[in-house]
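Structure first, then comments.
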Amino acid sequence: MTSIISSVFRRLPKERQDQVIVLGYFVLGSVLYLTGIYPVLDHGDAPIWQRIALLFAICVPLLLRRKAPLLGMAIAVLPLAGDLALGLSAPILIVFGDHLYSAVLYSSRQVSRTIAVLGPMCVLVGTALALALVPSWRLAIFLVVAVAPFIVIPVWWAANIRQHRALLASERAASEQLSRIAELDRKAAVGAERARMARDLHDVVAGHLSAIAIQSQAAMSLKDPETVSKVLASVRENSVSALTEMRAIIKLLRAEDAATEDNVSPPRLAELSKLIESATAAGIHVEVHNALDDAGVELPAAVDLAAYRIAQEALTNAIKHAPGARASVSIRHSEGMITLEISNELAEETTSGDTGIGLLNMRERATAIGGSLFAGPAERGWLVRAVLPVEKIGAVAL
């Protein structure tokens, strides 16, 4: 029954709740006065109607308990003083205790702390005054014991509830902040994964399709059947390679565990010859100087993949923008770093239409593993230089 009443009460608007509280205090106090169960320090000669009038006067300001609790408590001091003149009564003390409770709970933090400190101090001062002014010390002690709970308990209770609410608000704010951080981390992870997928797709599609486009265009202008056959074979090889790498990427994206990912072998610098063959078939003469073969350096997988993709993108750009030009690929190792250089001559008529995505991908791949990349005009054309760190895995042959 109590839980039902409490549930119905909480569903009411705040103003209606305050009205119910005021009405409840007035009805309860009136019943206590009419039945004679009210005195704390009664002189015995006060009319009941005066008591009820003072009760009404102290109950009405409770309507301000949420909006202006200090004003309500200040107004309540007047009927409290009137009741003190008639002889303190329990109903007035109960209602004034609610004024103290509301002032501590609903006022500002500074005001709440001030009242929480002044409440016990008032009890101490009142005790001293009672002992000094009341002739009988027994009566003084009785007065303090009877009045103190109406001051101390509401103040303590309201301060405890306020502290509990502040703790809940702090925990809620911390939880919301953690949720926001987790969401930002998730978005960052998704963004990084999308960027990685975009780089991989660009490297696979752009390189092979550029070679296919140039070779197919060349095949259309050739008349020698044998040469056309070689060009078409290269076109087919590039298309098959593109499909193979696309399947590898899709398989990697759909992998459910690390064991499945291990079955997908990423391209390595050891497969550089395939890039050279594709570029040669597209009409570019490529010279290769690979010092890693003689140094016996074993590259970490991330460095190996990044170097391969950078070389692939640089040769693709050479095929697109300088068809028929000469190019060179140089790989050197020194002091824990490998230097990868791809240079090409500039064609007389350089094709346009580059969106810059390839250069951005190369730079991102280099910086992702702690390296650096330069791409720009050089003495004999265009130069791409990537300097990548190498972890010392095994001995290096001298």
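Mapping the sequence shown onto the numbering used here, position 80 (from 1) lands on 80, and the numbers just tick up by one. Think of the CB as a built atom: it goes at the ideal place given N, C-alpha and C, for glycine as much as any other residue. Quick caveat: nothing in here was measured; it's all calculated off a predicted structure.
State the DSSP-derived secondary structure class of residue i, mapped to helix, strand or coil.
{"i": "R385", "result": "strand"}
{"i": "L88", "result": "coil"}
{"i": "E287", "result": "strand"}
{"i": "P69", "result": "helix"}
{"i": "E193", "result": "helix"}
{"i": "L277", "result": "The identity of residue 277 in the sequence shown is Glu, whereas the question assumes Leu. Correct three-state label for E277: helix."}
{"i": "A46", "result": "coil"}
{"i": "L272", "result": "helix"}
{"i": "I37", "result": "coil"}
{"i": "S234", "result": "helix"}
{"i": "E245", "result": "helix"}
{"i": "A76", "result": "helix"}
{"i": "S108", "result": "coil"}
{"i": "L12", "result": "coil"}
{"i": "L299", "result": "coil"}
{"i": "D224", "result": "coil"}
{"i": "A282", "result": "coil"}
{"i": "G356", "result": "coil"}
{"i": "A307", "result": "helix"}
{"i": "P267", "result": "coil"}
{"i": "A322", "result": "coil"}
Mind checking who residue i pairs with in its DSSP beta bridge?
{"i": "N344", "result": "A327, W382"}
{"i": "I338", "result": "H333, L388"}
{"i": "G24", "result": "The partner list for G24 (beta bridge, DSSP) is empty, contrary to what the question assumes."}
{"i": "S400", "result": "Given that the chain is displayed from residue 1 to residue 398, the structure contains no residue 400 and the question cannot be resolved."}
{"i": "P377", "result": "W382"}
Is residue i near the ligand HEM, with its Cβ less than 7 Å from a heavy atom?
{"i": "P69", "result": "As presented, the structure is devoid of all ligands, the ligand HEM included, so that no description of it is given."}
Measure from the C-beta of residue i to each C-beta in chain D and report whether the shortest distance is under 8 Å.
{"i": "S334", "result": "Among the chains of the structure shown, chain D does not appear; only one protein chain is present."}
Are there 16 or more other CB atoms within 10 angstroms of the CB of residue i, so buried, or fewer, so exposed?
{"i": "A279", "result": "buried"}
{"i": "A85", "result": "exposed"}
{"i": "R199", "result": "buried"}
{"i": "F26", "result": "buried"}
{"i": "K320", "result": "buried"}
{"i": "E261", "result": "The predicted position of E261 is uncertain, since its pLDDT is 47 and thus under 50; no value can be drawn from it."}
{"i": "F150", "result": "buried"}
{"i": "T227", "result": "exposed"}
{"i": "E183", "result": "exposed"}
{"i": "N160", "result": "exposed"}
{"i": "A366", "result": "buried"}
{"i": "P79", "result": "buried"}
{"i": "H289", "result": "exposed"}
{"i": "P69", "result": "buried"}
{"i": "I58", "result": "buried"}
{"i": "P154", "result": "buried"}
Just to confirm, are residue i and residue j a CB contact at a threshold of 8 Å?
{"i": "V104", "j": "R162", "result": "yes"}
{"i": "H333", "j": "V384", "result": "no"}
{"i": "S239", "j": "I212", "result": "yes"}
{"i": "I92", "j": "L54", "result": "yes"}
{"i": "I48", "j": "P61", "result": "no"}
{"i": "G87", "j": "A46", "result": "yes"}
{"i": "Q215", "j": "V235", "result": "yes"}
{"i": "L388", "j": "M337", "result": "yes"}
{"i": "N361", "j": "H202", "result": "yes"}
{"i": "G381", "j": "L346", "result": "yes"}
{"i": "A242", "j": "L209", "result": "yes"}
{"i": "G371", "j": "A386", "result": "yes"}
Measuring only the C-alpha atoms, how far is residue i from residue j?
{"i": "T244", "j": "I284", "result": "24 Å"}
{"i": "V271", "j": "D224", "result": "Strictly speaking, residue 271 in this sequence is Glu, with Val absent from that position. If you take the alpha carbons of E271 and D224, they lie about 31 Å apart."}
{"i": "Q19", "j": "A192", "result": "58 Å"}
{"i": "D185", "j": "Y101", "result": "44 Å"}
{"i": "A322", "j": "S179", "result": "51 Å"}
{"i": "A378", "j": "A174", "result": "55 Å"}
{"i": "S107", "j": "I141", "result": "32 Å"}
{"i": "L118", "j": "S7", "result": "35 Å"}
{"i": "L373", "j": "V390", "result": "15 Å"}
{"i": "S273", "j": "R172", "result": "60 Å"}
{"i": "A314", "j": "I342", "result": "7 Å"}
{"i": "A158", "j": "A188", "result": "44 Å"}
{"i": "V231", "j": "Q312", "result": "20 Å"}
{"i": "S229", "j": "T316", "result": "22 Å"}
{"i": "S330", "j": "I250", "result": "32 Å"}
{"i": "L269", "j": "P300", "result": "11 Å"}
{"i": "L32", "j": "Q177", "result": "52 Å"}
{"i": "L28", "j": "L168", "result": "34 Å"}
{"i": "V22", "j": "I181", "result": "46 Å"}
{"i": "I4", "j": "L12", "result": "13 Å"}
{"i": "G82", "j": "T35", "result": "21 Å"}
{"i": "R309", "j": "S221", "result": "31 Å"}
{"i": "I94", "j": "R113", "result": "21 Å"}
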